[in-house]
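Counting from 0, one number per residue, gives the positions in the sequence shown under numbering that gives the first Met the number 0.
The beta-carbon is built from N, C-alpha and C at its ideal position, and this holds for glycine as well.
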Amino acid sequence: MNIGVPVLFVALAVASYPTAPARRRIMPRTSSFHAPNVRQQRLLVVVAVVIVAAIILAVGGGPSVLLAAAIIGATGYRRIRRTRGDQQHRDDSASVQTGLNTLTAELRVGAHPAAACASAASECREPVASVFRGAAARARLGGSAAAGFRGASGIATESCVRIAAVWTVAERYGLALAELLHAVQVDMQGRERFRRRTEASLAGARATAAVLAGLPILGIGLGQLMGASPLKVLLGGGIGG
């Protein structure tokens, strides 16, 4: 295949990528905290896919090689996103627990809910801190801080919904808010311990799966060292493809 065709594809992809004003019009509106990261990730994914496809076509790989590369790339991208999501979930859960600890301590010494939520926000990291700040603003204006937690969105939504539920119960029936929030914190800690035990118990099975998934690659490498040329068969089209 002529090397100019893949280069032309790359040039067309780069030229057709929208400029900054166009991206602002066609991309969905997101918060300023997440929008730059999402745009950069999408741009990197598009560029990586185009480059890999161009390289495969340039070296003479057929549709089967391109399809295999697409499957491998999609699987790797999904695993990376899942790993980042799990890490973000752990960070947000830890941040919510830190905020709950501060909020409970402030309420027990008689602080106003608005001041307690503001103090908790100062101890948290984004995006959890913005939720506590929103709850503090609602309480400062005479509303219910539960509405601020109920309107949270993101990975920490489930924990914020629990906080909003116990806050509503405390306001409706006159119960001790600090004790209910402490119960929510204990429940979150129990769920986190259960999740860690589950991951630890699955570590052996996951390691076995990773080894079994890598055996075909090891077999191809050994065949290549022995002179059987499995790569030539796999990449040469026909039954190998």
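Could you tell me the alpha carbon to alpha carbon distance between residue i and residue j, rounded to whole angstroms?
{"i": "G98", "j": "A119", "result": "5 angstroms"}
{"i": "V232", "j": "I162", "result": "60 angstroms"}
{"i": "H181", "j": "T156", "result": "18 angstroms"}
{"i": "G239", "j": "R195", "result": "43 angstroms"}
{"i": "E170", "j": "H111", "result": "14 angstroms"}
{"i": "G141", "j": "E198", "result": "44 angstroms"}
{"i": "G75", "j": "A227", "result": "29 angstroms"}
{"i": "L224", "j": "R80", "result": "35 angstroms"}
{"i": "R190", "j": "A68", "result": "39 angstroms"}
{"i": "L66", "j": "F193", "result": "40 angstroms"}
{"i": "A200", "j": "A208", "result": "Contrary to the premise, residue 200 reads as Ser rather than Ala in this sequence. When rounded, the distance between both Cα atoms is 14 angstroms."}
{"i": "A115", "j": "E122", "result": "11 angstroms"}
{"i": "L230", "j": "G218", "result": "11 angstroms"}
{"i": "V165", "j": "R89", "result": "22 angstroms"}
{"i": "R132", "j": "L42", "result": "32 angstroms"}
{"i": "A204", "j": "P62", "result": "34 angstroms"}
{"i": "I50", "j": "L211", "result": "30 angstroms"}
{"i": "Q87", "j": "R107", "result": "30 angstroms"}
{"i": "G173", "j": "G147", "result": "20 angstroms"}
{"i": "G220", "j": "A202", "result": "27 angstroms"}
{"i": "G150", "j": "G222", "result": "58 angstroms"}
{"i": "T82", "j": "A73", "result": "14 angstroms"}
{"i": "S143", "j": "G84", "result": "31 angstroms"}
{"i": "P215", "j": "G237", "result": "20 angstroms"}
{"i": "G109", "j": "E125", "result": "26 angstroms"}
{"i": "A19", "j": "V46", "result": "Legend: pLDDT at A19 = 48, less than 50; position of this residue unreliable, value from coordinates given subsequently. Answer to the nearest angstrom: the Cα atoms are 16 angstroms apart."}
{"i": "L179", "j": "A206", "result": "41 angstroms"}
Thinking C-beta only, is residue j closer than 7 angstroms to residue i?
{"i": "A177", "j": "A138", "result": "no"}
{"i": "A145", "j": "T167", "result": "yes"}
{"i": "V127", "j": "V95", "result": "yes"}
{"i": "V130", "j": "C159", "result": "yes"}
Taking the alpha carbon of residue i as the reference point, which residue from the options has its own alpha carbon closest?
{"i": "D186", "options": "T82, L106, S63 and S92", "result": "S92"}
{"i": "T103", "options": "Q87, A212 and A175", "result": "A175"}
{"i": "V44", "options": "R77, V64, G133 and N100", "result": "R77"}
{"i": "L234", "options": "G84, G72, V64 and E105", "result": "V64"}
{"i": "I71", "options": "G147, G213, A117 and Q86", "result": "G213"}
{"i": "N100", "options": "G220, G237 and Q188", "result": "Q188"}
{"i": "A117", "options": "R124, G150, V46 and A134", "result": "A134"}
Any heavy atom of the ligand SAM closer than 6 angstroms to the Cβ of residue i?
{"i": "T101", "result": "You won't find the ligand SAM in this model; it holds no ligand whatsoever."}
Ordered list of beta strand (DSSP E) runs contained in the region 123-166, each at least 3 residues
none
Along the chain, which unbroken stretches of the beta strand (DSSP E) at least 3 residues long are found entirely within the region 63-99?
Runs found: none.
Return the chain-ordered ranges of every beta strand (DSSP E) run that is complete within the region 164-216 and spans a minimum of 3 residues.
none
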